[in-house]
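2 protein chains.
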Amino acid sequence: MSEPVAPVPTPIEQRELVLTRFFNVPRAKVYRAWTEPELLKQWFAPAPWTIAKVDMEVRPGGSSLVVMRSPEGQEFPSPGVFLEVVKNEKLVLTDAFVKAWQPSEKAFMVATITFEDHNGGTKYTARVQHWSAADRETHEQMGFHAGWGQCADQLAALAATL
Amino acid sequence: MSEPVAPVPTPIEQRELVLTRFFNVPRAKVYRAWTEPELLKQWFAPAPWTIAKVDMEVRPGGSSLVVMRSPEGQEFPSPGVFLEVVKNEKLVLTDAFVKAWQPSEKAFMVATITFEDHNGGTKYTARVQHWSAADRETHEQMGFHAGWGQCADQLAALAATL
Chain F
1 MSEPVAPVPT PIEQRELVLT RFFNVPRAKV YRAWTEPELL KQWFAPAPWT IAKVDMEVRP
61 GGSSLVVMRS PEGQEFPSPG VFLEVVKNEK LVLTDAFVKA WQPSEKAFMV ATITFEDHNG
121 GTKYTARVQH WSAADRETHE QMGFHAGWGQ CADQLAALAA TL
Chain U
1001 MSEPVAPVPT PIEQRELVLT RFFNVPRAKV YRAWTEPELL KQWFAPAPWT IAKVDMEVRP
1061 GGSSLVVMRS PEGQEFPSPG VFLEVVKNEK LVLTDAFVKA WQPSEKAFMV ATITFEDHNG
1121 GTKYTARVQH WSAADRETHE QMGFHAGWGQ CADQLAALAA TL
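So the protein sequences, as listed, match chains F and U.
Each residue of the first sequence is one higher than the one before, starting from 1 at the first, in the numbering used here.
Each residue of the second sequence is one higher than the one before, starting from 1001 at the first, in the numbering used here.
Written out as structure tokens, the structure reads:
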């Protein structure tokens, strides 16, 4: 009997992008801004981009549709599914499914968002994992850090008003 | 404002393989044979292949590891995750994750197994959906119908003894 012969996968560390921010706002408010469509709309696109539409069922297996709109008015729908939902603590979403559990055209990423208490505020972490190192690279080149960073700032500003 | 410009996805019908069988055994027994590792081992590989090891947490987000062994003794581990579990009715598994919710090296398929009452027996359906039409084609060429068909026969024979 030989050893198992599964191909050695690319270590997950080489397939992920991580953004961490500290907000001076309790995590329950940050979580609200993430999970209420009317609030999400106000911060989820890096200005001057906007969000044209949000439909979300925030539960495991629930669908999520966010339509971004460019300054020129072109719309970009992003369908996905929630994999895990822990109120005020954690959200896991992926674009690998368009609804539970129909595969999308392309499994690109899984985003794990965590909300942790930190000095009366929130440690906010977006850990985005990909199926390939190439997709991670593409995502970084697309401006992951600037884009998600700008949105995180917008999120913090909105959550502070709640 | 222009229309949304998401690429038109390949229709899911062109990305799936379906196997249906009617068993003369109540579905609770078929479901048991699917979800108890010691039973799964006895039918899940098409003889003369065998199952060397099964580890399963049968719950949404639970990991599944099945190691197949060829007649020559070579082992092939297949890690995956359960996406949905409805006792005696439905199981949904995918190889897109190695554990909740870490992307695998390759999102190849989602298997939706349904167990329905039918004339005192069971209508057994394995609907296997892929992220691409090419992967569906590969899976069919690998012998999906013969392989899953032979395993379904083994499953029915085992369930009848329970």
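Beta carbons: idealized from backbone N, C-alpha and C, even for Gly.
Which residues DSSP lists as bridging residue i, in chain order
i: Phe-1115 (chain U); result: U:Tyr-1124
i: Lys-99 (chain F); result: F:Gln-102
i: Ser-1064 (chain U); result: U:Met-1056 and U:Gly-1080
i: Arg-1069 (chain U); result: U:Thr-1050 and U:Glu-1075
i: Val-1110 (chain U); result: U:Thr-1094 and U:Gln-1129
Supposed close pair residue i, residue j - CB separation, criterion 8 Å
i: Val-128 (chain F); j: Pro-1103 (chain U); result: Going by Cβ atoms, the distance from Val-128 (chain F) to Pro-1103 (chain U) rounds to 10 Å, so no, they are not a contact pair.
i: Ala-1107 (chain U); j: Gln-1014 (chain U); result: That belief does not hold up - the Cβ atoms of Ala-1107 (chain U) and Gln-1014 (chain U) are roughly 17 Å apart, past 8 Å.
i: Ala-159 (chain F); j: Ala-33 (chain F); result: 5 Å
CB contact check: residue i to chain F, cutoff 8 Å
i: Lys-1106 (chain U); result: yes
i: Gly-1062 (chain U); result: no
i: Thr-1010 (chain U); result: yes
i: Trp-1131 (chain U); result: yes
i: Thr-1112 (chain U); result: yes
i: Pro-1071 (chain U); result: no
i: Ala-1126 (chain U); result: no
i: Ala-1100 (chain U); result: yes
i: Ser-1002 (chain U); result: Note on Ser-1002 (chain U): pLDDT 47, under 50, position unreliable in the model; no value is reported.
Per-residue DSSP class, three states only, for residue i
i: Glu-3 (chain F); result: With a pLDDT of only 49 at Glu-3 (chain F), under 50, the local geometry of the prediction cannot be trusted, and the value read off the model is given with reservation. Three-state DSSP puts Glu-3 (chain F) in coil, outside helix and strand.
i: Thr-1094 (chain U); result: strand
i: Lys-87 (chain F); result: coil
i: Glu-1016 (chain U); result: strand
i: Arg-21 (chain F); result: strand
i: Lys-1053 (chain U); result: strand
i: Gln-141 (chain F); result: helix
i: Leu-162 (chain F); result: coil
i: Gln-1129 (chain U); result: strand
i: Glu-75 (chain F); result: strand
i: Trp-1034 (chain U); result: helix
i: Gln-1042 (chain U); result: coil
Exposed unless 16 or more other CB atoms sit within 10 angstroms - verdict on residue i
i: Thr-1094 (chain U); result: buried
i: Val-86 (chain F); result: exposed
i: His-1118 (chain U); result: exposed
i: Ala-28 (chain F); result: exposed
i: Glu-1016 (chain U); result: buried
i: Leu-1039 (chain U); result: buried
i: Gly-80 (chain F); result: buried
i: Ala-47 (chain F); result: exposed
i: Leu-91 (chain F); result: buried
i: Leu-1083 (chain U); result: buried
i: Phe-1044 (chain U); result: buried
i: Phe-22 (chain F); result: exposed
8 Å Cβ cutoff, residue i in contact with chain U
i: Glu-84 (chain F); result: yes
i: Gln-14 (chain F); result: no
i: Ala-96 (chain F); result: yes
i: Trp-34 (chain F); result: no
i: Ala-134 (chain F); result: no
i: Leu-17 (chain F); result: no
i: Val-92 (chain F); result: yes
i: Pro-48 (chain F); result: no
i: Pro-103 (chain F); result: yes
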